[in-house]
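Engineer: Let me begin by handing over the structure; questions about it come next.
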Amino acid sequence: MTIRLGLALAVLTAVAAGAQTPPPAKTRAIDPANFDTSAKPCEDFYTHANGSWLKAHPIPADRASYGAFQELADRNRDVLKKILEETSARTDWPQGSAEQKVGDFYASGMDAAGREKAGAAPLAPALAAIAKLKSPSDLPAVLAELHLSGVSAGFGFRVAQDAKDSTRYIGIFNQGGLGLPDRDYYLKDDPKSKDLKAAYEAHVAKLLELAGSAPDAAKAEAAAILALETKLAQASITRVENRDPQKTYNKRTVAALNAEAPGFDFAKFLADLGATTATEVNVRQPGFFTAFAALTRSVPPAEWRTYLRWHAARTDAPLLSRAFQDEDFAFNGKKLNGTPQQEEPWRRVQAATDFALGEAVGPIYVARAFSPRAKERTKILVENMRAALKERIDALPWMSPETKAQAQRKLAAFGVKIGYPDVWRDYTALVISRSVSYAENVRRARIFETKRNLAKLGKPIDRTEWGMTPPTVNAYYNASMNEIVFPAGILQPPFFYEDGDDAVNYGGIGVVIGHEMSHGFDDSGSQYDADGNLRNWWTPEDRKAYDARTALIVKQFDSYKPLRDLAINGKLTLGENIGDLGGIKIAYAALQKALAGKPRAKIDGFTPEQRFFLSYATIWRSQYRDESMRVQLNTNPHSPGHWRAIGPPSNLPEFYDAFGCAEGTPMRRAEADRPSIW
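Take numbering that gives the first Met the number 0: the last position of the sequence shown gets the number 677, and nothing is skipped along the way.
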């Protein structure tokens with residue numbers, strides 16, 4: 000059964016009616032009060048555009064970073080808080096209705112006394128599953144039971160489109176099983192890494208104590224867990240290698256995987272998980288799974304039980320009593336990211352509600368925060384951006400007609416989703432209740448989502464599905480779907496102004512649209528064709544010319560050093576940096592088409608071109624704690640905001656002209672160093 004928009008809105012009218020959230024007070028899109036005029040645009044454009052805003056908006060005590068994305072997310076969360084509080088305040092919703100599920104889920108999460116009373120008891124289902132592990136042959140069934148409920152220990156598994164046959168779903172195995180953010184945290188031997196590993200080991204021991212281990216036993220168990228996870232890290236490939244879609248496409252039958260990685264019965268794991276029709280799978284990192292299978296035989300079952308108890312405890316710690324929450328935050332919040340204090344409980348529960356029931360809350364959010372006019376104006380922006388990119392592809396001097404024809408076919412085939420789904424998710428099978436613990440409601444939601452994902456096997460591709468909920472402040476490109484998606488959450492200031500001038504909107508959401516379009520042609524996305532298949536459609540000469548241009552982007556971002564001892568990884572961030580450069584160039588071209596034949600009047604003393612670039616810098620304003628910046632640089636494929644704001648404009652003659660940047664100024668890179676793709 001599918002729930003369509005009209006029905007969903009009708010069902011939730013009782014919550015939406017009479018409780019409309021007033022729109023935020025109008026602010027100036029380009030506000031000189033946010034500038035720091037002591038920094039000249041051609042010297043440091045980021046500080047020039049954002050310096051005073053950054054001083055007036057220090058990082059909140061409960062955040063690891065803060066900027067335009069988080070500022071808008073907070074406004075969206077305020078809307079959601081009212082929805083959740085109104086819904087949870089009533090207990091007379093019809094049983095099984097969206098309102099009952101949303102209200103009961105949020106109420107159970109906000110029941111602090113109930114969490115304290117439950118203590119570690121909600122871990123019982125996972126611990127009971129782990130206790131069944133008596134010999135290596137038991138591990139596939141135990142892992143399947145844990146994976147079903149959201150404890151992704153050992154490795155990851157999901158169902159998604161086959162990269163080389165986008166008309167069908169396939170099971171995908173992915174390396175995993177680590178408690179630290181990345182393999183390199185285990186393998187590096189510098190003082191900072193040693194200190195973090197020691198703190199991690201102590202954290203593991205403390206959480207195991209809370210889960211029932213005696214103190215001395217917990218210390219020994221933590222040492223064994225770190226040793227096992229280090230072996231998994233040694234078998235893992237790097238994040239840069241993981242970005243290569245060809246390297247990570249390794250399809251084989253399940254029987255072949257069992258033969259290639261003896262020691263672990265992958266067929267039994269899949270059968271017990273419920274993926275009985277998964278006869279073929281994509282093993283993204285074959286070497287990891289060969290090593291993992293060997294470890295299942297060489298590491299004693301007792302150590303695997305210890306490892307699995309740890310991963311069950313760490314997965315559920317934020318959902319349990321205050322002692323569990325505090326220990327989880329002490330390491331993941333304070334030590335790892337430098338955040339002084341936890342977010343308020345309602346924020347954490349709201350985020351969990353968005354994950355569990357995001358498309359049940361979504362229609363109410365849309366009714367309150369996103370107008371039909373905003374959606375229509377965004378559609379126009381998207382098509383104007385598509386037209387601008389089409390013209391730029393036609394004009395490329397370095398690309399052959401043969402490759403251009405394929406690029407144009409792909410661009411024309413882009414699917415576009417704006418605001419919210421046309422078909423809302425059906426939560427009928429998800430049972431939520433105030434009479435059970437919060438952790439149990441989350442466990443049920445995880446099981447529901449895992450089963451929903453597994454049920455795709457053997458079915459037609461669902462092109463109505465969204466990968467983000469409506470309030471999300473983000474956007475994405477899906478290579479296998481060949482689609483660009485913009486949730487309602489990001490279609491608001493400072494990214495999009497419903498009544499804003501073209502320069503501001505093209506510099507904000509226009510760049511975001513162009514960024515996602517450019518992902519279809521970045522170093523990874525460009526390997527997928529118009530139908531979403533991983534297939535080479537480039538001539539060898541054109542690919543060589545393309546790679547030469549992207550190498551300049553790698554070199555540029557490798558030179559940026561946000562921390563004294565750590566630079567941006569140009570290869571890890573290449574796809575996003577290509578997106579930013581393409582996005583700003585396409586958006587600027589689209590703005591010029593929009594302004595053609597119109598008066599080019601200044602607004603607040605700024606030309607349209609200046610407002611475009613100032614709007615661009617505004618959306619990237621952000622601040623990070625040093626610890627959080629370190630995690631970002633080690634693991635995140637996005638460059639930090641400061642460098643996203645200055646990197647692309649410093650390559651554009653259009654920027655130099657807008658602000659009169661002379662040769663030799665920092666924001667005007669030497670011509671030989673400027674990457675140019677579109």
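A virtual CB, placed ideally from N, CA and C, is assigned to each residue, including glycine.
Quick caveat: nothing in here was measured; it's all calculated off a predicted structure.
Where do the ends of the beta strand (DSSP E) carrying residue 475 lie?
Structural biologist: First-last of the beta strand (DSSP E) with residue 475: 475 to 477.
Engineer: From which residue to which residue does the beta strand (DSSP E) around residue 157 run?
Structural biologist: Looking at the DSSP string, the run of the beta strand (DSSP E) that includes residue 157 is 154 to 161.
Engineer: So the alpha helix (DSSP H) residue 609 belongs to, where does it begin and stop?
Structural biologist: From DSSP, the alpha helix (DSSP H) with residue 609 extends over 607 to 618.
Engineer: In terms of residues, what are the limits of the alpha helix (DSSP H) holding residue 362?
Structural biologist: Start and end: 344 to 368.
Engineer: For residue 235, which of helix, strand or coil comes out of DSSP?
Structural biologist: Residue 235: coil per DSSP, three-state reduction.
Engineer: Counting Cβ pairs closer than 8 Å, one from the segment 161 to 170 and one from the segment 268 to 282, do we hit at least three?
Structural biologist: Touching, yes.
Engineer: If distances are taken between C-alpha atoms only, which option among 114, 165, 116 comes closest to residue 459?
Structural biologist: The shortest Cα separation from residue 459 among 114, 165, 116 belongs to 165.
Engineer: How is the beta strand (DSSP E) around residue 485 delimited, first residue to last?
Structural biologist: It spans 482 to 486 - the beta strand (DSSP E) in which residue 485 sits, taken as one unbroken run.
Engineer: Grab the span of the beta strand (DSSP E) containing residue 49 for me, first residue to last.
Structural biologist: Not the beta strand (DSSP E): residue 49 falls in the alpha helix (DSSP H), residues 44 to 55.
Engineer: Compute the Euclidean distance between the alpha carbons of residue 489 and residue 34, then round it to the nearest angstrom.
Structural biologist: So the two alpha carbons sit approximately 23 Å from each other.
Engineer: Residue 700 and residue 588: beta carbons closer than 7 Å?
Structural biologist: As displayed, the chain neither begins before 0 nor continues past 677, which places residue 700 out of reach and without an answer.
Engineer: For residue 570, which of 202, 607, 559 has the nearest alpha-carbon?
Structural biologist: Among 202, 607, 559, the Cα nearest to that of residue 570 is on 559.
Engineer: Between which two residues does the alpha helix (DSSP H) containing residue 107 stretch?
Structural biologist: Unbroken alpha helix (DSSP H) run through residue 107: 97 to 108.
Engineer: Thinking C-alpha only, which one of 102, 183, 583 is nearest residue 90?
Structural biologist: For the residues 102, 183, 583, the minimum Cα distance to residue 90 belongs to 102.
Engineer: Pick helix, strand or coil for residue 306, following the three-state DSSP scheme.
Structural biologist: Helix at residue 306.
Engineer: Of the choices 41, 29, 30, whose alpha-carbon is the least far from that of residue 649?
Structural biologist: Residue 649 has its Cα closest to that of 41, out of 41, 29, 30.
Engineer: Figure out for me which residue from 245, 280, 238 has the closest Cα to the Cα of residue 255.
Structural biologist: If we check each option's Cα against that of residue 255, 280 comes out closest.
Engineer: Could you check if residue 618 is buried or exposed, using at least 16 other CB atoms within 10 Å of its CB as the buried criterion?
Structural biologist: Buried is the call here.
Engineer: Are three or more beta carbon pairs between the segment 528 to 543 and the segment 383 to 399 nearer than 8 Å?
Structural biologist: Yes: at least three Cβ pairs fall under 8 Å.
Engineer: What is the residue span of the beta strand (DSSP E) that residue 168 lies within?
Structural biologist: First-last of the beta strand (DSSP E) with residue 168: 164 to 174.
Engineer: Excluding the 5 residues preceding and the 5 following residue 349 in the sequence, name in chain order all residues of the same chain whose CB lies nearer than 7 Å to its CB.
Structural biologist: So the list reads 76, 79, 80, 83, once near-sequence residues are dropped.
Engineer: At a cut of 8 Å, does the segment 143 to 160 reach the segment 297 to 311 through at least three beta carbon pairs?
Structural biologist: Yes, since at least three Cβ pairs between the segment 143 to 160 and the segment 297 to 311 fall closer than 8 Å, the two stretches touch.
Engineer: Can you list, in chain order, the residues of its chain whose CB lies under 8 Å from that of residue 457, leaving out five sequence neighbours each side?
Structural biologist: Taken in chain order, the residues that qualify are 168, 276.
Engineer: Can you tell me whether DSSP reads residue 212 as helix, strand or coil?
Structural biologist: Three-state result, residue 212: coil.
Engineer: In whole angstroms, give me the CA-to-CA distance for residue 376 and residue 512.
Structural biologist: Roughly 13 Å between the two C-alpha positions.
Engineer: Return the first residue and the last residue of the alpha helix (DSSP H) that residue 621 is part of.
Structural biologist: No alpha helix (DSSP H) contains residue 621, which is instead part of the beta strand (DSSP E) from 621 to 623.
Engineer: In the DSSP assignment, the alpha helix (DSSP H) including residue 80 goes from what residue to what residue?
Structural biologist: Per DSSP, residue 80 belongs to the alpha helix (DSSP H) from 67 to 87.
Engineer: If I follow the unbroken alpha helix (DSSP H) through residue 286, where does it start and stop?
Structural biologist: Here the alpha helix (DSSP H) through residue 286 covers 285 to 297.
Engineer: Just to confirm my understanding: we take residue 463, look at its own chain, exclude 5 residues before and 5 after, and list those with CB closer than 7 Å. What are they?
Structural biologist: For residue 463, where only same-chain residues beyond five positions count, the Cβ hits under 7 Å are 420, 421, 422.
Engineer: What is the rounded straight-line gap between the Cα of residue 39 and the Cα of residue 506?
Structural biologist: Each residue's alpha carbon lies about 20 Å from the other.
Engineer: Put residue 332 into one of helix, strand or coil per three-state DSSP.
Structural biologist: Helix at residue 332.
Engineer: Where does residue 423 fall in DSSP's three states?
Structural biologist: Residue 423: strand per DSSP, three-state reduction.
Engineer: For the candidate residues 121, 565, 196, 189, whose alpha-carbon lies nearest to that of residue 180?
Structural biologist: For residue 180, the nearest C-alpha among the options comes from 196.
Engineer: Pop quiz: residue 436 and residue 66 are said to be a contact at Cβ under 8 Å. What is the actual Cβ separation, rounded to whole angstroms?
Structural biologist: In fact, because the Cβ distance is near 35 Å, the residues do not count as touching under 8 Å.
Engineer: Would you mind listing the alpha helix (DSSP H) stretches within the segment 408 to 473 that are 4+ residues and don't spill past its ends, in chain order?
Structural biologist: Entirely contained in the segment 408 to 473, the alpha helix (DSSP H) runs reaching 4 residues are, in chain order, 437 to 453.
Engineer: In angstroms, rounded to a whole number, what distance separates the CA positions of residue 162 and residue 452?
Structural biologist: Rounded to the nearest angstrom, the two C-alpha atoms are 17 Å apart.
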